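Here the structure is laid out as structure tokens; the discussion comes afterwards.
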Amino acid sequence: MSASAVFICDVKGKVLISRNYRGDIDMSVVDKFMTLVMEMEDEATLTPIIQHGNVTFCYIKYNNLYLLTTTKKNANVALSFSFLHKIVQVFCEYFKELEEESIRDNFVIIYELLDELMDFGYPQTTDSKILQEYITQESHQVEVQARPPSTVTNAVSWRSEGIKYRKNEVFLDVIESVNLLVSANGNVLRSEIVGAVKMRVYLSGMPELRLGLNDKVLFESTGRGKTKAVELEDVKFHQCVRLSRFENDRTISFIPPDGEYDLMSYRLNTHVKPLIWVESVIERHAHSRVEYMIKAKSQFKRRSTANNVEIIVPVPQDADSPKFKTTVGSCKYSPELNAVVWSIKSFPGGKEFLMRAHFGLPSVMSEDTEGKPPIHVRFEIPYFTVSGIQVRYLKIIEKSGYQALPWVRYITQNGDYQLRTS
Amino acid sequence: MTDSKYFTTTKKGEIYELKGELNSEKRDKKREAVKKVIASMTVGKDVSALFPDVVNCMQTDHLELKKLVYLYLMNYAKSQPDMAIMAVNTFVKDCEDPNPLIRALAVRTMGCIRVDKITEYLGEPLRKCLKDEDPYVRKTAAVCVAKLHDINPILVEDQGFLELLRDLLGDSNPMVVANAVAAMSEIVETSPTALKMLEINSATIGKLLTALNECTEWGQVFILDSIANYSPRDEREAQSICERVTPRLSHANAAVVLSAIKVVMKLLEMMDQSAGFAGTLVKKLAPPLVTLLSAEPEIQYVALRNINLIVQKRPEILKHEMKVFFVKYNDPIYVKLEKLDIMIRLTNQANIAQVLAELKEYATEVDVDFVRKSVRAIGRCAIKVEASAERCVSTLLDLIQTKVNYVVQEAVVVIKDIFRKYPNKYESIISTLCENLDTLDEPEARASMIWIIGEYAERIDNADELLESFLEGFQDENAQVQLQLLTAIVKLFLKRPTDTQELVQQVLSLATQDSDNPDLRDRGYIYWRLLSTDPAAAKDVVLAEKPLISEETDLIEPTLLDELICHISSLASVYHKPPSAFVEGRQAVRKALPPRSQSGEGEAVQAAPEAPVAPPQPQATVIPGMDSLTGDLLDLDLGGPSTYQPPAAVQPQPIGGGSMDLLGEGLDSLLGPSPVSGMDMGPGPRGGGVGDLFSLAGLVPTTSYVPPQETWIEAGKSKGMEVNGTFSRKNNQACMELTFTNKAMSPMAGFAVQFNKNSFGLAPGILNINTPLAPNAAANVTLALTTTGGVQKMEPLNNLQVAVKNNIDVFYFSCQVPLNVLFVEDGEMDKRVFLATWKDIPSQNEEQYTIANVEHSADTVTTKLRNNNIFTIAKRNVEGQDMLYQSLKLTNNIWVLAELKIQPGNNNFMLSLKSTTLDVYPGIYQSYDAIVRS
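Quick note, the sequences are listed as chains A and B, same order.
So the first sequence is numbered by the UniProt record's numbering: it starts at 1 and just counts up by one.
So the second sequence is numbered by the UniProt record's numbering: it starts at 1 and just counts up by one.
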């Protein structure tokens, strides 16, 4: 279950930096990587796992970079991919952005990081906040020698001791994204809510936090079945949450990391009325023009408002001379997306708006057939959760006994929100 | 200022300049120089010439500089082993530095330098670091033990590092425990001696489960993977492990989730399937699996490949989750294709309407491969859900109307399968198909169309014209089209003999005379002979009723599936291949699921009635992978089942029943000696005792060695069926001698035997048992084995995995085939050839064995070995010693040469073996030993 080596290559497959962890493969095998990717792409058999002789590559692409691990064994590939995505995150937190230039600019520190992130193919410390305590951007001087922070190997490996704030505050954002897939004839094929609780923690010392939600399982077990509660289907927690405690009595208790992080995520499969419903009528007159009639309807309570709504309607690649007419908002043709973007700054609940678009088509048909990309919708509804989830309390206990202020915010936004067109 | 400036110098004499800077007195300048060296190394320049100068910089208190020098050492030590020794002192010193960061750095780096001379010095510092007061050092040292073991296993095992490593499992720090577990799993994989020492027991499991709650996400993966290798003593222990593992299903890291799923899937086997505990456990698995599909696409891909295994093993887990596998427009193609596969597996009567609507949508997309697979999927739905077949067919017809070339071709291919499943039901569409004859240019589509025409020749008025049109370009066709065309025309002739005689003669002569494809020629000859000797028999064979194809396709064979379940989240689970198929070297243990809990089994079957597990019974005809389907049509046409046969191989010997027997009898001359069938109890020896009798009487010339029967399946584990058996060689064929004993209360019937792929391609012949087998009765059977089955290298080489079925259930066991039953009769080598071969094989291939304590003379040994097809080619007497030179040949044509040295007065024989294939030696030696002692 181990990686022999990690490589970061540019878009042409040239190695920018690499680290050989096990010495059991010839490092030059990576030269074959790009050829293999291209061959498989041609044959349409490309997968993120490529076998070459007895070496297996697992790769991800980020910006213009390929990050890959190689192995000769029956490695745990879920681990390999999680790790690759994790190192992208660490590098981003170190260098703001991970790209060819930031690698060249920081190669010394990248070598240092690669040494800490993985040993003999086994991922080690990957928490960038902790790494930053002993692998720092500026070089160490003799006087103040770095030591491994006790955090690295503590049971609480995500928070250092001795953190101090003048004002103790916690910000809690409950963000729900709606994933929706609607068929061309208007049937909802899939609808799910993916929620996330994000925190920004500015607390001193080693605080113990307990978060209370209107969790249906909890309410039922404590006999409060009647109050409005939400059934969380698959809850995932950050490292810091005591999973066995949650399994036992559904208590979410934890010592939070410092600063910003995602505390938990959950998923609900309940069918909700699509918040923004889009109907489209498309009339194609071959060789001359294509006309669109798009109707958007907000299907949430009147007192809520969706902000920054964008309805992205795909149009043929060879469309030209756009003309729009709309009752509200503005329309823009963006050829790079092959789409019309209809933007509505503020879209109150229970309303319905209309947009018409007209495009010319060339008299000569293009050779390549086009797919039928779906309509995408973007939106953001503040002070509202579509699932009805609520934070009932956030208790903060620290031995010094300070008072801390929790702030809670709710937002519902689009996730993967697609409506197929006919 | 950024580091990129270090890359800029490309002047000549750079190395020389760097040398000067490295030796500079100024610390800053030195540091800059080392950075330049590392920069050059990074871009691939060879800076090994600076080795001594860089190593000189190693003694510094500057941490960053030290790290860079260490990095340099790791890269170049191997090319400069003599110089690398200079660094040892500093390493050893650094291992005692007051700063734990430096101690850890030193021990970590030392382990990465794979130079023997350095490794020698690693022992002492490593021992200290394993007991270091700082957990950061201990966790680094734990991994270092695995590194050292990789370089020098003997050193690690002799110097007590394994014990030290094991002690770390009780460490107070969870991360140390996690790394120790990782190191242990790795060591155990390669070393059997270490396995004994480091095996996880129920005491260590407790420690691991405690550490699981506290260590990092990666540590959790190491621990879970190692728990997955542990077999609990009983159901209670399995339950308590599951209770403590299931919280991990809520972890945000997908790798932790998948490893937890692996543990649960494995332990579920041990539980009472009907009890509530297993039920709740199964319910807990669905949500995390679904959530994995919102992860990054690469992780989705790994998850989907694993879900494919999981739904085959336990379809109930995801049976209500069809919708999450619907394809999204922006999914990468590899995710789309995997989702499609799983959609088909989950299709049932309840959701077929939705699935079909989706598939139809996909079939109009732009991505050709995705569209093709979608069209195939529609066909598979039709085969799987009978009630929907009509809808599927009309959907396919709609798609054919689009006239999109590749859509039409795919549709034709799947319609052929639909005809196989529902014969005489949808022929009305044949005319539509015929309209599109011209657009078919892919071999598979052409072959399918030809099959349809041949099969329904009597209803297609112009079938002869259509087939004739294909015949024009016969030589240019792909082999599968040629084969299909041959069969189709023969069918046509048998159905309409009057006006097609010319056509059939034409195709037979094309196939037999103008083709150099042996498959085609053979098939042509068989047909020709059949038609000319006995047209009635030909009709029975060629037009025999074909077995219906089963609904589940592409199923993974059950023992392999079980093995893959144990490898969830690893590469094997993505490739759907056992690790031995792609990992070099020895795989110490083949993983297998624990045996299912007995009590709940009956109910379990009821709970999952649509469980698509196809037991490997010879009667069941499973459609082979789509690609190989037409290749197999010959076998299908002749009525022989083709379960798990390699697709391309045309069986030279009949292995199935039905019309195949007819062929065998009718065509003796063509097929050579009639193979021994299972019921042949013949005059051959039955068991040792009788055989000896015969041999005394001089009736039977040879008695080959037959080991005593062993118990392969105990009655207690198999609902009352006891199977004892051994192997023998009879009538020039390897045989399995089986005794079935019914120890249950009710009679048994429906016995069948199937083998997994094995090293020698052994496959069972016909099993003939007088059924029903009454309670307390036993049946002795000799099962002839062919060597034309699927080949896959096993560990050990002679391992054979067997499935035995009766009317109650399927049972699995594995046994070892004594190699002597695979020694063939024509294994006698010509003297000169022997001499030349002996010289040709390099001497490092020669291995010596001792056969101790035998009381034989050279002559008696020669006879004994001769009876087992080990042929003595020459005998020499050198200084009172008898030297016997012998040869033997295995069924797979591996020759082994041997030299047997016999000294008078010494009871130990020396055996030297020489062959190009070294793997067979242990088995050959075992056989020699057994034969000589028999």
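Note that the Cβ used here is the ideal one computed from N, Cα and C, for glycine as well.
Being a predicted model, the structure only gives us computed values, none of them experimental.
In whole angstroms, what separates the C-alpha of Ser570(B) from that of Ala75(A)?
Counting from one through the second sequence, the residue named residue 570(B) turns up at place 570. Counting from one through the first sequence, the residue named residue 75(A) turns up at place 75. Going from the Cα of Ser570(B) to the Cα of Ala75(A) covers about 5 Å.
According to the neighbour-count rule (16 or more other Cβ atoms, all chains shown, within 10 Å of its Cβ), is Ala49(B) buried or exposed?
Within the second sequence, residue 49(B) is the residue found at index 49, counting from 1. Ala49(B) comes out exposed.
Counting only the same chain and skipping the five closest in sequence on each side, list residues whose C-beta sits under 7 Å from that of Glu410(B).
Position 410 of the second sequence, counting from 1, holds the residue named residue 410(B). Here the set comprises Arg372, Val375, Arg376.
Taking the beta carbon of Gly725(B) as the centre, do at least 16 other beta carbons fall within 10 Å, making it buried, or is it exposed?
For the purposes of this step, residue 725(B) is taken as residue 725 along the second sequence, with counting starting at 1. Counting Cβ neighbours within 10 Å, Gly725(B) comes out buried, since at least 16 surround it.
Residue environment, Arg108(B), which counts as buried when at least 16 other CB atoms sit within 10 Å:
Against the second sequence, residue 108(B) aligns to sequence position 108. Classification for Arg108(B): buried.
Between the C-alpha atoms of Lys889(B) and Ala777(B), what's the straight-line distance to the nearest angstrom?
Locating residue 889(B) in the second sequence gives position 889, where the first residue counts as 1. Locating residue 777(B) in the second sequence gives position 777, where the first residue counts as 1. The alpha-carbon atoms of Lys889(B) and Ala777(B) are separated by roughly 39 Å.
Starting from Tyr417(A), trace the beta strand (DSSP E) in both directions and tell me its first and last residue.
Residue mapping note: residue 417(A) aligns to position 417 of the first sequence, counting from 1. From DSSP, the beta strand (DSSP E) with Tyr417(A) extends over 405–419.
Could you tell me whether the region 182–192 of chain A touches the region 202–217 of chain A, using the rule of 3 or more Cβ pairs below 8 Å?
no
Classification of Pro98(B) by the beta-carbon crowding that lies within 10 angstroms, buried from 16 upward
Residue 98(B) sits at position 98 when you count from the first residue of the second sequence. Exposed: under 16 other Cβ atoms inside 10 Å.
Could you check if Leu634(B) is buried or exposed, using at least 16 other CB atoms within 10 Å of its CB as the buried criterion?
The residue you call residue 634(B) lines up with position 634 of the second sequence. Bear in mind that the predicted position of Leu634(B) carries a pLDDT of just 37, short of 50, making it unreliable; the figure below should be weighed with that in mind. Under this definition Leu634(B) is a buried residue.
Measure the CB-CB distance between Leu740(B) and Val723(B) and report whether it falls below 8 Å.
Counting from 1 along the second sequence, the entry for residue 740(B) is found at position 740. Counting from 1 along the second sequence, the entry for residue 723(B) is found at position 723. Contrary to the premise, residue 740(B) reads as Phe rather than Leu in this sequence. Yes, the Cβ-Cβ distance between Phe740(B) and Val723(B) is below 8 Å.
If you draw a straight line from the C-alpha of Glu231(A) to the C-alpha of Glu96(B), how long is it?
Numbered from 1 along the first sequence, position 231 holds the residue referred to as residue 231(A). Numbered from 1 along the second sequence, position 96 holds the residue referred to as residue 96(B). In a straight line, the C-alpha of Glu231(A) is about 56 Å away from that of Glu96(B).
Start and end of the beta strand (DSSP E) containing Gln124(A)?
Here residue 124(A) is taken as the residue at index 124 of the first sequence, counted from 1. Careful: Gln124(A) lies outside any beta strand (DSSP E) and carries neither H nor E.
Straight-line Cα distance separating Glu380(A) from Met355(A)
Within the first sequence, numbered from 1, the residue matching residue 355(A) stands at position 355. Within the first sequence, numbered from 1, the residue matching residue 380(A) stands at position 380. The alpha-carbon atoms of Met355(A) and Glu380(A) are separated by roughly 20 Å.
Quick check on Arg210(A) - is its C-beta less than 8 Å from some C-beta in chain B?
In the first sequence, counting from the first residue as 1, residue 210(A) sits at position 210. Chain B, which has no Cβ nearer than 8 Å to the Cβ of Arg210(A), makes this no.
Considering just the uninterrupted stretch of the alpha helix (DSSP H) at Met265(B), what are its terminal residues?
Here the question's residue 265(B) lines up with position 265 in the second sequence. That run of the alpha helix (DSSP H) goes 254–268.
Sufficient close CB pairs (3 or more, under 8 Å) joining the region 790–808 of chain B to the region 829–841 of chain B
no
Counting C-beta neighbours from all protein chains within 10 Å, is the total for Val281(A) 16 or more, i.e. buried, or is it exposed?
For the purposes of this step, residue 281(A) is taken as residue 281 along the first sequence, with counting starting at 1. Val281(A) comes out exposed.
Looking at chain A, which residues of the region 294–308 of chain B have a Cβ within less than 7 Å of any of its Cβ atoms?
Ser294, Glu296, Glu298, Ile299, Tyr301, Val302
Mind checking whether Gly121(A) and Tyr59(A) have CB atoms under 8 Å apart?
If you number the first sequence from 1, residue 121(A) lands on position 121. If you number the first sequence from 1, residue 59(A) lands on position 59. It is not a contact, given that the beta carbons lie outside the stated cut-off.
Which whole-angstrom value describes the C-beta separation of Glu825(B) and Asn869(B), a residue pair presumed to lie in contact below a C-beta threshold of 8 Å?
Here residue 825(B) is taken as the residue at index 825 of the second sequence, counted from 1. Here residue 869(B) is taken as the residue at index 869 of the second sequence, counted from 1. Rounded, the Cβ-Cβ distance is 6 Å, consistent with contact.
Could you tell me whether the Cβ atoms of Met795(B) and Arg590(B) are closer together than 8 Å?
Your numbering for residue 795(B) matches position 795 in the second sequence. Your numbering for residue 590(B) matches position 590 in the second sequence. The sequence as given places Glu at residue 795(B); Met does not occur at that position. Cβ atoms of Glu795(B) and Arg590(B): closer than 8 Å.
Exposure of Glu120(B), with buried meaning 16 or more beta-carbon neighbours within 10 Å
Against the second sequence, residue 120(B) aligns to sequence position 120. The residue is exposed, with fewer than 16 neighbouring Cβ atoms inside 10 Å.
Excluding the 5 residues preceding and the 5 following Ile200(B) in the sequence, name in chain order all residues of the same chain whose CB lies nearer than 6 Å to its CB.
Along the second sequence, read from residue 1 onward, the residue named residue 200(B) stands at position 200. Within the same chain, Ile200(B) has close Cβ partners Tyr230.
Going straight from the alpha carbon of Thr136(A) to that of Trp218(B), what length do you get?
Walking along the first sequence from the start, residue 136(A) turns up at place 136. Walking along the second sequence from the start, residue 218(B) turns up at place 218. If you take the alpha carbons of Thr136(A) and Trp218(B), they lie about 23 Å apart.
Assign Gln709(B) to one of three DSSP states: helix, strand, or coil.
Residue 709(B) sits at position 709 when you count from the first residue of the second sequence. Gln709(B) falls in the coil class under three-state DSSP.
Going by the DSSP bridge assignment, what does Phe171(A) pair with across the sheet?
Here the question's residue 171(A) lines up with position 171 in the first sequence. According to DSSP, Phe171(A) bridges with Arg200(A), Trp407(A).
Ends of the alpha helix (DSSP H) at Arg245(A)?
As a working mapping, residue 245(A) is identified with position 245 in the first sequence. Note, Arg245(A): alpha helix (DSSP H), 243–249.
Alpha carbon to alpha carbon, what distance is there between Thr47(A) and Lys328(B)?
Indexing the second sequence from 1 puts residue 328(B) at position 328. Indexing the first sequence from 1 puts residue 47(A) at position 47. Near 17 Å, if we compare the C-alpha coordinates of Thr47(A) and Lys328(B).
Kindly indicate which three-state DSSP category Trp218(B) falls into: helix, strand or coil?
Here residue 218(B) refers to the residue found at position 218 when the second sequence is read from its first residue. Trp218(B): helix per DSSP, three-state reduction.
Could you check if Tyr16(B) is buried or exposed, using at least 16 other CB atoms within 10 Å of its CB as the buried criterion?
The residue given as residue 16(B) occupies position 16 in the second sequence. The residue is exposed, with fewer than 16 neighbouring Cβ atoms inside 10 Å.
Does any residue of chain A bring its CB to less than 8 Å from the CB of Ser431(B)?
Locating residue 431(B) in the second sequence gives position 431, where the first residue counts as 1. Taking Cβ atoms only, chain A never reaches closer than 8 Å to Ser431(B), which makes this a no.
Would the beta-carbon of Leu122(B) fall within 8 Å of that of Leu148(B)?
To locate residue 122(B), count along the second sequence from 1; it is residue 122. To locate residue 148(B), count along the second sequence from 1; it is residue 148. Yes, they are a contact pair.
Distance cutoff 8 Å, beta carbons only. Does Asn74(A) sit that close to anything in chain B?
Here residue 74(A) corresponds to residue number 74 of the first sequence, with the count starting at 1. It does: the Cβ of Asn74(A) has a partner Cβ on chain B nearer than 8 Å.
Buried or exposed by the 16-neighbour rule on C-beta atoms within 10 Å, applied to Thr280(B):
Here the question's residue 280(B) lines up with position 280 in the second sequence. The residue in question, Thr280(B), is exposed, as its Cβ has fewer than 16 Cβ neighbours within 10 Å.
Are the region 106–113 of chain A and the region 283–303 of chain B touching by the rule of at least three beta carbon pairs closer than 8 Å?
no
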